[in-house]
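> Supplied in structure tokens, the structure appears directly below.
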Amino acid sequence: MLAGKNILSLEMESGQSVLDAFYRVLEMVPALKPHWLDHEGQPQVFVHVFLNGDDASTLAQGMQTPLHDGDCLDFIPPVAGG
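Using this note's numbering, you'd call the opening residue of the sequence shown number 993 and step up by one each time.
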């Protein structure tokens, strides 16, 4: 759940990437920044991003993979417990 919602819709420009969408979500929900970004402002390795069901880290272009109309991104932050 992000910003009290299960789904956020993003309007992205043609040619923008998964990484661009990642940063757009952080603009929309700034409270996530300290949890999703490292000290250099890069995505934390433990935040998993899926593009149309595929882990973005396994795609040929990774987080630089271009987005297309109708693509679905899922952001899976770590869950801790004990």
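Glycine residues also receive a C-beta, built at the ideal position from the N, C-alpha and C atoms.
Would you report the Cα separation of P1058 and L1051, rounded to the nearest angstrom?
Position 66 of the sequence shown holds residue 1058. Position 59 of the sequence shown holds residue 1051. Approximately 11 Å between the Cα atoms of the pair.
> Looking at C-alpha atoms only, which residue of H1027, M1004 and D1063 is the closest neighbour of V1037?
Residue numbering aside, residue 1037 sits at position 45 when the sequence shown is read from its first letter. Of H1027, M1004 and D1063, the residue nearest in Cα terms is H1027.
> Check this for me: beta carbons of V1010 and V1041, under 8 Å apart or not?
Position 18 of the sequence shown holds residue 1010. Position 49 of the sequence shown holds residue 1041. A contact, by the Cβ cut-off of 8 Å.
> Name the residue from L1043, L1002, V1017 and I999 whose alpha carbon lies nearest to the alpha carbon of Q1056.
Taking the sequence shown and counting its residues from 1, one reaches residue 1056 at position 64. If we check each option's Cα against that of Q1056, L1043 comes out closest.
> Where does P1069 sit, in a helix, a strand or coil, going by DSSP?
Stepping through the sequence shown from its first residue, residue 1069 is reached at position 77. Coil.
> Give the secondary structure of H1027 by DSSP, where H, G and I count as helix, E and B as strand, and everything else as coil.
Residue mapping note: residue 1027 aligns to position 35 of the sequence shown, counting from 1. Correct three-state label for H1027: helix.
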